[in-house]
Amino acid sequence: MRQLSRWLCSALIGLAVGGTVSAATADIAAKQAQAERERVELRARIDLLQKELNEREALRKEAADALQVSEAAISVIARRLGELGTQLRQAQAELDELQIQFKRQFGVLVLRRDELSNQLRKQYSSGLSPWTALLSGDDPQQIGRDLIYLDYISRARSAAVAAVKKEIDRLAELEAKTELRRQDVVRLVQETTEQKNLLDVQKKERATVLARIEGQLQAQRAEAAALGRDDKRLSDLVDDLAGQLQAAREAAEAARKAEAAETARKAEAARQAEQARRQAQEASRAKERQEAQAQAAAAASEPAARSAESSASLGGGGAGLKPGLRWPLKGQVMARFGTDRPEGGVWRGILLRATEGAAVQVVAAGTVVYANWLRGFGNLIIIDHGQQYLSVYAYNQSLLKQIGDEVQTGETIALAGSTGGQVDSALYFEIRHRGSAVDPVQLLAR
Numbered sequence: 132m133r134q135l136s137r138w139l140c141s142a143l144i145g146l147a148v149g150g151t152v153s154a155a156t157a158d159i160a161a162k163q164a165q166a167e168r169e170r171v172e173l174r175a176r177i178d179l180l181q182k183e184l185n186e187r188e189a190l191r192k193e194a195a196d197a198l199q200v201s202e203a204a205i206s207v208i209a210r211r212l213g214e215l216g217t218q219l220r221q222a223q224a225e226l227d228e229l230q231i232q233f234k235r236q237f238g239v240l241v242l243r244r245d246e247l248s249n250q251l252r253k254q255y256s257s258g259l260s261p262w263t264a265l266l267s268g269d270d271p272q273q274i275g276r277d278l279i280y281l282d283y284i285s286r287a288r289s290a291a292v293a294a295v296k297k298e299i300d301r302l303a304e305l306e307a308k309t310e311l312r313r314q315d316v317v318r319l320v321q322e323t324t325e326q327k328n329l330l331d332v333q334k335k336e337r338a339t340v341l342a343r344i345e346g347q348l349q350a351q352r353a354e355a356a357a358l359g360r361d362d363k364r365l366s367d368l369v370d371d372l373a374g375q376l377q378a379a380r381e382a383a384e385a386a387r388k389a390e391a392a393e394t395a396r397k398a399e400a401a402r403q404a405e406q407a408r409r410q411a412q413e414a415s416r417a418k419e420r421q422e423a424q425a426q427a428a429a430a431a432s433e434p435a436a437r438s439a440e441s442s443a444s445l446g447g448g449g450a451g452l453k454p455g456l457r458w459p460l461k462g463q464v465m466a467r468f469g470t471d472r473p474e475g476g477v478w479r480g481i482l483l484r485a486t487e488g489a490a491v492q493v494v495a496a497g498t499v500v501y502a503n504w505l506r507g508f509g510n511l512i513i514i515d516h517g518q519q520y521l522s523v524y525a526y527n528q529s530l531l532k533q534i535g536d537e538v539q540t541g542e543t544i545a546l547a548g549s550t551g552g553q554v555d556s557a558l559y560f561e562i563r564h565r566g567s568a569v570d571p572v573q574l575l576a577r
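Note that the numbering used here numbers the sequence shown so that position 271 is 402, with each residue one more than the last.
What follows is the structure, encoded as structure tokens:
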């Protein structure tokens, strides 16, 4: 930031002598580089927050840690199965096309072969050959005409033979390509089968883990305190993220005001520098004092500017959430906001029935600020929509986005599942505003 302040002083003086274009270009490049550095630093702070949360969970040494490993592996394998399925369909389509070309080329070969066969049959039936024409004793002019006709037949036969050879070569090439593609299909089928088998193994391991900790989960569900700890953990995470984003936005506003004041003061310094040409010695001392003051002010405003640019790079300036939002998926509402939970406490969001692997779509545009496994909620993803609005999606089988990703309304961000110790596949959905849970149904489309 001190370097940026010095550069601004030099740029203002340079404007008086005609350096406007180059100075503006360098200023934009410097700000872009600074914004990218601050974006990396903010992501590191978010990762540190997740690390601290994981460390607190590790201290409890609960059996849910094994569940996290199994469900994360299922998420990766499910995504790979989708990719292999796409590759297999493409390979099968290419193989079908090659087989169609092979049949078409084989038909052309048969046609060329029949043409050559007809030529040979007609010549044999006529009994005409160069030697029989010469030894026939016929009129020389007739013999000449016969020889010319035989020469024409010979050239036609050579062309037919060449055409047959060409079609044979083309057919062999198609056979080779077909065989290679067939091998690709076999390989993809084998790999898909292996991935499915691996997925079955992971699911069995997950079922074993669930069975092992079922007793613990039943005991925890019987105690309202256990549910309170899970709920407080999510609330603390949301509050921490919301507080950090709000602080960054406030710092951004303060930085913009400081920058405006700094720009005005730099303009005054440039005017005084112009007067310094008339009063050389006195103006020079004034200029040195002003530069020292500018560096001190820039150093004081540097932390605020960094937080401001970090907030802007993470997309914290969104438009918030308004009524009429799309639903994250189509499914029966199994539990509503504010109703009692079987284990104790109340629901702070809604629970939607969902088939395993169903696409979970974001309700509005925003930025991913959390994407990881959390005890009690499984694979969890949180989206910041600006104006201190956050949307929460839990129990997912697989997370398709990472921290910092920008998402648009309706974009698929996860696949539904039953992670976090759930028995049935479902999606848990929350909306938070200023850290407090609100009824999602009031904002979702009717």
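Each residue gets a CB set at the ideal place from its N, CA and C atoms; glycine is no exception.
- Note on Thr-470: under 16 other CB atoms within 10 angstroms of its CB, so exposed under the neighbour-count rule.
- In this structure, the CA atom of Thr-540 is about 13 angstroms from the CA atom of Val-499.
- The C-beta of Gly-548 has 16 or more other C-beta atoms within 10 Å across all chains shown, which makes the residue buried.
- For Arg-484, DSSP records a beta bridge to Ala-557.
- Judged by DSSP secondary structure, Leu-521 falls within the beta strand (DSSP E) whose first and last residues are 520 to 530.
- Of all C-beta pairs linking the segment 319 to 337 to the segment 523 to 538, fewer than three are shorter than 8 angstroms, placing the two stretches out of contact.
- For the pair Arg-402 and Val-572, the Cα-to-Cα distance works out to about 60 angstroms.
- The criterion of a C-beta distance shorter than 8 angstroms is satisfied by Gln-236 and Leu-305.
- In this structure, Leu-558 places its C-beta atom within 8 angstroms of the C-beta atom of Ala-485.
- Residue burial annotation: Asp-331 is exposed, with fewer than 16 other C-beta atoms found within 10 angstroms of its C-beta.
- Note: Gln-321 is not bridge-paired with any residue in the DSSP secondary-structure output.
- Check the Cα spacing between Leu-319 and each of Ala-287, Arg-343, Gln-377 and Gln-218: the tightest is with Gln-218.
- Here Ala-378 is exposed. Its C-beta has fewer than 16 other C-beta atoms within 10 Å.
- Contact annotation, Phe-468 with Asp-555: C-beta distance approximately 20 angstroms; criterion of less than 8 angstroms not satisfied.
- Beta-bridge annotation (DSSP): His-564 is paired with Tyr-520 and Ser-567.
- Beta bridge pairing from DSSP links Leu-456 with Leu-575.
- Less than 8 angstroms separates the beta-carbon of Val-464 from that of Leu-483.
- Note on Leu-251: under 16 other CB atoms within 10 angstroms of its CB, so exposed under the neighbour-count rule.
- Secondary structure note for Gln-492: its beta strand (DSSP E) is the uninterrupted segment 490 to 492.
- Here Arg-243 has Ala-291, Ala-294, Val-295 and Glu-298 as same chain residues with Cβ atoms under 7 angstroms from its own Cβ, once five neighbours each way along the sequence are excluded.
- DSSP, reduced to helix, strand and coil, places Asp-471 within a strand of the structure shown.
- Here DSSP, grouped into helix, strand and coil, assigns Ala-547 to strand.
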